[in-house]
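Chemist:
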Amino acid sequence: MTLEGKTVLVIGRGGGIAQAVTLAARDAGAQVVSAGRSPDKLKAAYDGEPGITVEYVDLTDEASIAALGERLGSVDHVVSTASARARGKVADLDREAVRASFDTKVIGPLMLAKHLAFNEGGSLTIFSGVAAAKIAVGTLAVAITNGAADVLARSLALELAPIRVNAVSPGVIDTGAWDGLGDAKAGYFRDISTRNPARRIGTADDVAATVLFAMTNTFVTGTTLRVDGGEPLS
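Count the sequence shown with this note's numbering and you get residues 1043 to 1276, in order.
Now the structure itself:
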């Protein structure tokens, strides 16, 4: 898979999945623009890395997205990995947290499609997640956000054609996102890997490889690519 001579915009943090996608795209030959709400942290993450530049964008702010589009001019591929999780049972959900979840994973990518100019053969890859396919108590807000992202990918693929649009849906991936579990993290990972058909926890590189596939396979559009070790089957 080659991205030689292409410009790839990756939106997200300077670690985990976003970092894996950024480095994989760069290693495949692309010039990568890493964008997010904390450009100083992104600069620190990619300090000394050739082929990577940093920009500011806030997916909850349409003006910020429009300004980024003006600065970049046009791009070949866009990958939005950003998320803002709202977890908890219905009685405990905070309205603003749910709104932030939708703003980041659904409305934000929609505004990217509105304001960014894609070169011929370009693509947009957004992120869904396993919660949309495996319903569980306490993940309602995450599930409906991910489900909306799946629908958004299909709808945009039709409207933006021939620009391709896909969603990537990770399962449990070993990144810093789970560090909040503390000592319980190891047990949780052990439980998931015992039950899922892949019998292991996913890695950020697993997800990055799928994103590269979405960018480079020109006959894949309007679908959700699941990278979850078969977790919904468990």
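Here a beta-carbon is modelled for each residue, glycine too, at the ideal position from N, C-alpha and C.
May I ask you to verify whether the stretch 1091-1103 touches the stretch 1059-1069, counting CB pairs closer than 8 Å and requiring at least 3?
Modeler: Taking 8 Å as the limit for Cβ pairs, the verdict is that the stretch 1059-1069 does touch the stretch 1091-1103.
Chemist: What are the start and end residues of each continuous alpha helix (DSSP H) run of 4 or more residues lying completely inside the stretch 1180-1238, in chain order?
Modeler: The qualifying runs are 1182-1202, 1226-1237.
Chemist: Assuming Ala1108 and Phe1144 are in contact, meaning their beta carbons sit under 8 Å apart, how far apart are those beta carbons, in whole angstroms?
Modeler: In the sequence shown, counting from the first residue as 1, residue 1108 sits at position 66. In the sequence shown, counting from the first residue as 1, residue 1144 sits at position 102. The pair is not a contact, with the Cβ atoms about 19 Å apart (cut-off 8 Å).
Chemist: Between which two residues does the alpha helix (DSSP H) containing Asp1118 stretch?
Modeler: In the sequence shown, counting from the first residue as 1, residue 1118 sits at position 76. That residue, Asp1118, is in no alpha helix (DSSP H); its beta strand (DSSP E) goes 1117-1122.
Chemist: When DSSP labels each residue in this structure, what does Phe1160 get in the three-state scheme?
Modeler: In the sequence shown, the residue the question calls residue 1160 occupies position 118. Strand.
Chemist: Please check the pair Ser1076 and Tyr1088, which I expect to be a contact at CB under 8 Å, by giving their CB distance rounded to whole angstroms.
Modeler: As a first step, residue 1076 must be located in the sequence shown, where it is residue number 34. As a first step, residue 1088 must be located in the sequence shown, where it is residue number 46. Indeed, because the Cβ distance is near 6 Å, the residues count as touching under 8 Å.
Chemist: Can you tell me where the beta strand (DSSP E) holding Thr1049 begins and where it ends?
Modeler: In the sequence shown, residue 1049 corresponds to position 7, counting from 1. Its beta strand (DSSP E) spans residues 1049-1053.
Chemist: If you draw a straight line from the C-alpha of Val1179 to the C-alpha of Phe1255, how long is it?
Modeler: Sequence index remark: in the sequence shown, residue 1179 carries index 137 (1-based). Sequence index remark: in the sequence shown, residue 1255 carries index 213 (1-based). Cα to Cα, the separation comes out at about 33 Å.
Chemist: In its own chain, which residues sit with a C-beta less than 6 Å from the C-beta of Ser1165, not counting the 5 before and 5 after it?
Modeler: Position 123 of the sequence shown holds residue 1165. Excluding residues within five positions, the ones whose Cβ falls inside 6 Å are His1119, Arg1206, Met1257.
Chemist: Quick one: residues in its chain with C-beta nearer than 8 Å to the C-beta of Val1249, no 5 flanking neighbours on either side, listed in chain order?
Modeler: What you label residue 1249 is simply residue 207 of the sequence shown in a count that begins at 1. Cβ neighbours of Val1249 beyond the five flanking positions: Ile1059, Ala1062, Val1063, Val1210, Pro1212, Ile1215, Val1269.
Chemist: Is the separation between the beta-carbon of Ala1072 and that of Thr1102 shorter than 9 Å?
Modeler: As a first step, residue 1072 must be located in the sequence shown, where it is residue number 30. As a first step, residue 1102 must be located in the sequence shown, where it is residue number 60. Going by C-beta atoms, Ala1072 is not nearer than 9 Å to Thr1102.
Chemist: Does the stretch 1169-1186 come within contact of the stretch 1125-1141, defined as at least 3 CB pairs closer than 8 Å?
Modeler: Verdict: yes, contact present.
Chemist: Please state whether the Cβ-Cβ distance between Gly1111 and Lys1083 is less than 9 Å.
Modeler: As a working note, residue 1111 is residue 69 in the sequence shown. As a working note, residue 1083 is residue 41 in the sequence shown. It is not a contact, given that the beta carbons lie outside the stated cut-off.
Chemist: Ala1185 to Ser1170, Cα distance in whole Å?
Modeler: Walking along the sequence shown from the start, residue 1185 turns up at place 143. Walking along the sequence shown from the start, residue 1170 turns up at place 128. Computed Cα separation, rounded: 9 Å.
Chemist: Taking a contact to mean a Cβ-Cβ separation below 9 Å, would you say Asn1161 touches Val1117 in this structure?
Modeler: By one-based count along the sequence shown, residue 1161 stands at place 119. By one-based count along the sequence shown, residue 1117 stands at place 75. Cβ atoms of Asn1161 and Val1117: closer than 9 Å.
Chemist: Let's test the definition: count the other Cβ atoms within 10 Å of the Cβ of Gly1271 and tell me whether it reaches 16, buried, or not, exposed.
Modeler: Your numbering for residue 1271 matches position 229 in the sequence shown. Under this definition Gly1271 is a buried residue.
Chemist: Report the start-end ranges of each beta strand (DSSP E) in the stretch 1085-1110 that is 3 residues or longer and not cut off at the edges.
Modeler: The qualifying runs are 1094-1098.
Chemist: Per DSSP, which residues does Phe1169 bridge with? Please list them.
Modeler: Position 127 of the sequence shown holds residue 1169. According to DSSP, Phe1169 bridges with Val1210.
Chemist: What residues in its chain sit with their C-beta under 6 Å from that of Ala1159, if we drop five residues either side in the sequence?
Modeler: For this step, residue 1159 is matched to residue 117 along the sequence shown. So the list reads Ser1116, once near-sequence residues are dropped.
Chemist: Considering only the alpha carbon of each residue, which of Pro1204, Ala1203, Ala1174 lies closest to Ala1193?
Modeler: Position 151 of the sequence shown, counting from 1, holds the residue named residue 1193. Correcting the residue identity first, residue 1193 is Val in this sequence and not Ala. For the residues Pro1204, Ala1203, Ala1174, the minimum Cα distance to Val1193 belongs to Ala1174.
Chemist: Less than 6 Å between C-beta atoms, sequence neighbours within five positions excluded: which residues of the same chain meet that for Met1153?
Modeler: Here residue 1153 refers to the residue found at position 111 when the sequence shown is read from its first residue. Excluding sequence neighbours, Met1153 sits near Glu1104, Ile1107.
Chemist: Have a look at Asp1233, Glu1201, Thr1187, Pro1274 and flag the residue whose alpha-carbon is nearest the alpha-carbon of Gly1150.
Modeler: Translated into the one-based positions of the sequence shown, residue 1150 becomes position 108. Measuring from the Cα of Gly1150, the nearest candidate turns out to be Thr1187.
Chemist: In the structure shown, what three-state DSSP assignment does Gly1244 receive?
Modeler: Locating residue 1244 in the sequence shown gives position 202, where the first residue counts as 1. In the structure shown, Gly1244 sits in a strand (DSSP, three-state: E or B).
Chemist: In terms of residues, what are the limits of the beta strand (DSSP E) holding Val1077?
Modeler: Here the question's residue 1077 lines up with position 35 in the sequence shown. At residue 1077 the sequence reads Ala, which differs from the Val that was named. It spans 1073-1078 - the beta strand (DSSP E) in which Ala1077 sits, taken as one unbroken run.
Chemist: Taking 6 Å as the limit between beta carbons, can you name the residues of its chain near Pro1204, skipping five residues before and five after?
Modeler: By one-based count along the sequence shown, residue 1204 stands at place 162. For Pro1204, where only same-chain residues beyond five positions count, there are no Cβ hits under 6 Å.
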